[in-house]
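Each remark here refers to the structure printed beneath this line.
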């Protein structure tokens, strides 16, 4: 009797344990790898630390006020049509695949993260920071809108990394500094510049960056060269010397020249000349004259235009003092009497006199040959 009761008890315990195991997610053999899916939820504060690491998180149509991940590990992290309205921090987290589709993020910080694949599609990012991230594989920002500013400085790039900025709208301030080892070309020419006018160009920072791997149309950009930059997230102030700035100008000029981007080269060269002339007032004056005279050498035809203008001006002056000039300065051969000379004729001789002075071969032994 007692032996039969023990058998019944063992069966009950076995069935209870089987039912407990079958209640676990079907696709997760390991609790640390099971997926978590949220749809339509609103979170005041969401902390990934409340969950075991190496999870697969999917958020769809969710609202976040604050979201935070510090030193977490994710196999996959996806946000679809979500709004992160206040603060989003993913500090030093490891993410296998990071997906953001049709989302809005306000001040997202991915500082120090390691990301194997990054897909941000049709997402709005306000002041994002990717400072000191380690990136592998595809880094895709297709059809994204980045507003105000963006920090892509000091990135660590795996040889497999490839940036895609197809139809991306860049912010007013774009920091691409401290990118030394860039494995493949970063093409900024495929971005969307519809909102960037001549007076609303993008300020781009390229300190200590290998600009030979940056492809850009300078009609949409202006070099951002502050004396120092105070970064967020407790970073120290970075200070830059005039030699640093000159190095950036010259490296970028060589980049445009080697690529045959003549319009970009000319635009940047004008900026570089203006920068060099800031040290003294007389350099600014000379630079202004050089710009007006022949557009820093890029519009040589202006020399002939100004030659004609100056000839007309001095001809007008010489018209009123032609007799004194002919008597005391240079004597014009075969010059008729000026007393009864018609205005048109006197103007003609004034022009000949002025041209003769401008073009010295016509002046010989103190006389102007006509």
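Residue numbers (this note's numbering): -13 to 356. Positions of the beta carbon are idealized from the N, C-alpha and C atoms, including for glycine. Values in this document were obtained by computation on a predicted structure and should not be read as measured data.
Going by beta carbon distance, what residues of the same chain come within less than 8 Å of residue 260, once the five residues before and after it are set aside?
273
Quick check: what's the CA-CA separation for residue 329 versus residue 301?
13 Å
Mind checking residue 293: buried by the 16 CB within 10 Å criterion, or exposed?
exposed
Where do the ends of the alpha helix (DSSP H) carrying residue 46 lie?
No alpha helix (DSSP H) contains residue 46, which is instead part of the beta strand (DSSP E) from 41 to 46.
Would you kindly work out how many angstroms separate the C-alpha atoms of residue 140 and residue 191, rounded to a whole number?
12 Å
Buried or exposed for residue 41, please, with buried defined as at least 16 other CB atoms from any protein chain shown within 10 angstroms of its CB.
buried
I'd like the list of long-range same chain contacts for residue 45, defined as Cβ closer than 6 Å, with 5 residues on each side in sequence excluded.
24, 65 and 68
Note down the Cα distance separating residue 29 from residue 50, rounded to an integer number of angstroms.
5 Å
Residue 165 versus residue 196: straight-line alpha-carbon distance, rounded
6 Å
Are residue 143 and residue 121 closer than 8 Å when you measure CB to CB?
yes
What would DSSP say about residue 255, mapped onto helix, strand or coil?
helix
Can you give me the C-alpha to C-alpha distance between residue 343 and residue 324, rounded to a whole angstrom?
20 Å
Segment limits, alpha helix (DSSP H) that includes residue 236:
228 to 245
Buried/exposed call for residue 242, threshold 16 Cβ in 10 Å:
buried
What are the start and end residues of the alpha helix (DSSP H) that includes residue 270?
267 to 280
Residues near residue 71 in its chain [Cβ-Cβ closer than 8 Å; skip 5 each side]
49, 50, 51, 90 and 92
To the nearest angstrom, report how far apart residue 289 and residue 187 are at their CA atoms.
31 Å
Report the residue from 308, 169, 172 and 153 whose alpha carbon sits nearest the alpha carbon of residue 331.
308
Distance, residue 131 Cα to residue 269 Cα
41 Å
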